[in-house]
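Per my numbering, the sequence shown starts with residue 1, numbered consecutively.
Don't be surprised by glycine CBs; every beta carbon is placed ideally from N, CA and C.
Since the model is a prediction, treat every value here as computed from it, not as a measurement.
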Amino acid sequence: MKIAVFSTKKWVRQAFDGANKKYKLEITYLEPKLDIHTASLAAGHHAVCAFVNDTLDAPVIQALGKLDVGTIALRCAGFNNVDLQKAQELKMHVVRVPAYSPYAVAEHAMGMILALNRHYHRAYNRVREGNFSLDGLLGFDIYGKTVGVIGTGKIGQIFIDIIKGFGSRILAYDKHPSELAKKKGVEYVELQRLYEESDIISLHCPLTHETHHMINEQTISSMKQGVMVINTSRGALIDSTAVIAGLKSGRIGHLGLDVYEEEGDLFFEDLSDQVIQDDTFVRLQTFPNVLITAHQAFFTTEAVDNIAETTLDNLKQLGETGECKNSVDLSNVIGG
Ligand code: NAD
Numbered sequence: 001m002k003i004a005v006f007s008t009k010k011w012v013r014q015a016f017d018g019a020n021k022k023y024k025l026e027i028t029y030l031e032p033k034l035d036i037h038t039a040s041l042a043a044g045h046h047a048v049c050a051f052v053n054d055t056l057d058a059p060v061i062q063a064l065g066k067l068d069v070g071t072i073a074l075r076c077a078g079f080n081n082v083d084l085q086k087a088q089e090l091k092m093h094v095v096r097v098p099a100y101s102p103y104a105v106a107e108h109a110m111g112m113i114l115a116l117n118r119h120y121h122r123a124y125n126r127v128r129e130g131n132f133s134l135d136g137l138l139g140f141d142i143y144g145k146t147v148g149v150i151g152t153g154k155i156g157q158i159f160i161d162i163i164k165g166f167g168s169r170i171l172a173y174d175k176h177p178s179e180l181a182k183k184k185g186v187e188y189v190e191l192q193r194l195y196e197e198s199d200i201i202s203l204h205c206p207l208t209h210e211t212h213h214m215i216n217e218q219t220i221s222s223m224k225q226g227v228m229v230i231n232t233s234r235g236a237l238i239d240s241t242a243v244i245a246g247l248k249s250g251r252i253g254h255l256g257l258d259v260y261e262e263e264g265d266l267f268f269e270d271l272s273d274q275v276i277q278d279d280t281f282v283r284l285q286t287f288p289n290v291l292i293t294a295h296q297a298f299f300t301t302e303a304v305d306n307i308a309e310t311t312l313d314n315l316k317q318l319g320e321t322g323e324c325k326n327s328v329d330l331s332n333v334i335g336g
């Protein structure tokens with residue numbers, strides 16, 4: 001099977017070359033992102049392998065179909081960037097890596113909370129410059145605070161296990177509450193109550209039409225003054241304009257973002273010698289109480305190796321049986 005791997009970075013090549021010693025598939029590494037202008041590079045391949053910021057909308061899938069590409073292998077869990085309707089119409093398989101390391105993402109969310117609360121990002125720079133003042137670095141005990149977790153799937157539940165260790169009270173919301181989480185004593189509440197009572201809110205639900213901009217002007221107005229909001233899930237869960245207003249008014253006291261709704265034009269690239277054109281993003285960078293990382297929550301050795309191994313295994317299963325346990329179709333979307 002011939003695979004065209006789009007958005008190739010050094011770590012992608014290393015991990016896939018390592019895993020492919022076992023699978024022996026024919027891989028073409030392509031640096032460009034997959035979009036309507038680059039789709040033609042997939043000619044002569046049976047499958048494309050794509051990542052979170054590749055475009056797989058209807059025109060791209062149509063173009064891939066014309067090239068006889070039969071499979072889209074996502075090397076990520078989320079599939080919000082794929083027009084599944086179009087893929088189904090063209091009988092194209094879509095496979096993904098449902099879980100590569102939920103620990104990596106949950107641990108990153110916890111890291112963001114600690115860094116924001118105790119201002120590690122600012123303290124690091126101060127001390128390097130010989131400024132040993134503590135003014136402006138005051139944090140709070142996480143012990144005894146209320147932490148709201150939205151989405152209690154794989155990552156959300158691990159995050160709950162971690163934050164429990166700090167002695168926090170946990171409130172959870174999920175469209176489909178987990179029996180396992182309930183057995184572990186997780187208290188499910190209505191979303192409104194979670195917004196009203198939480199000191200820290202961490203987002204771990206997928207991006208769907210229901211969750212798009214769930215953090216908006218109205219929901220922010222019902223949150224506690226000075227609330228900390230952490231998003232390691234998908235950028236468009238948050239309305240960036242509303243969140244900037246919330247930061248300016250002080251309603252949002254800390255914001256941690258590993259994802260951003262317009263990240264496709266920015267993240268994973270070195271733009272350090274360019275003028276960033278996205279004014280909303282640049283405004284977010286100016287706040288001392290905002291910490292942004294560029295979609296790196298997943299980025300651990302264990303996760304990267306799992307991504308490569310599972311992606312190649314998905315393709316092998318499809319090649320041998322025409323089926324794959326990690327297929328995604330429209331029923332996944334309806335299931336939420
Ligand atoms: P999961 O499918 O195990 O859990 C998602 C949970 O969200 C499920 O329990 C589901 O019932 C719930 N949910 C669905 N719709 C909801 C809604 N409208 N409101 C509230 N909850 C809802 O997924 P996961 O592995 O825990 O991943 C969670 C998200 O993390 C993914 O969707 C992905 O977008 C994101 N992610 C980010 C990174 C990163 O590097 N930043 C890496 C992996 C995953």
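Does the distance from the CB of Ala106 to the CB of Ile158 come in under 8 Å?
Closer than 8 Å, so yes.
Could you spell out the range, first to last residue, of the beta strand (DSSP E) harbouring Thr311?
Unbroken run through Thr311 is the alpha helix (DSSP H), Thr301 to Thr321; no beta strand (DSSP E).
Taking the alpha helix (DSSP H) that Glu179 belongs to, which residues open and close that run?
Unbroken alpha helix (DSSP H) run through Glu179: Glu179 to Lys183.
Three or more C-beta pairs closer than 8 Å, one from the region 140 to 149 and one from the region 308 to 326: is that the case here?
No, the region 140 to 149 does not touch the region 308 to 326.
State the start and end residues of the unbroken alpha helix (DSSP H) segment that holds Val282.
Boundaries of the alpha helix (DSSP H) around Val282: Asp279 to Gln285.
Can you round the beta-carbon distance between Leu203 and Ser233 to whole angstroms, since I take them to be within the 8 Å contact cut?
That pair is a contact at about 5 Å.
Ligand 1 and Lys184: does the residue's C-beta get closer than 7 Å to at least one heavy atom of that ligand?
Flag unset: Cβ of Lys184 not near ligand 1.
Under 8 Å: do the region 188 to 203 and the region 223 to 243 share three or more Cβ pairs, one atom per stretch?
In the pairwise beta carbon analysis, the region 188 to 203 is classified as touching the region 223 to 243: at least three pairs are separated by under 8 Å.
Got a sec, what are the start and stop residues for the beta strand (DSSP E) Met228 sits in?
It spans Val227 to Asn231 - the beta strand (DSSP E) in which Met228 sits, taken as one unbroken run.
Rounded to whole angstroms, what's the CA-CA distance from Arg13 to Glu302? Just pull it up for me.
Whole-angstrom Cα-Cα distance: 15 Å.
In terms of alpha-carbon separation, which member of Tyr29, Thr280 and Glu129 lies closest to Glu261?
Check the Cα spacing between Glu261 and each of Tyr29, Thr280 and Glu129: the tightest is with Thr280.
Let me know if Ser40 comes out buried or exposed under the rule of 16 or more other beta-carbons within 10 Å of its beta-carbon.
Its Cβ having fewer than 16 others within 10 Å, Ser40 is exposed.
Assign Gly336 to one of three DSSP states: helix, strand, or coil.
The predicted position of Gly336 is uncertain, since its pLDDT is 31 and thus under 50; no value can be drawn from it.
Return yes when the Cβ of Val97 is within less than 8 Å of the Cβ of Leu74, no when it is not.
Yes, they are a contact pair.
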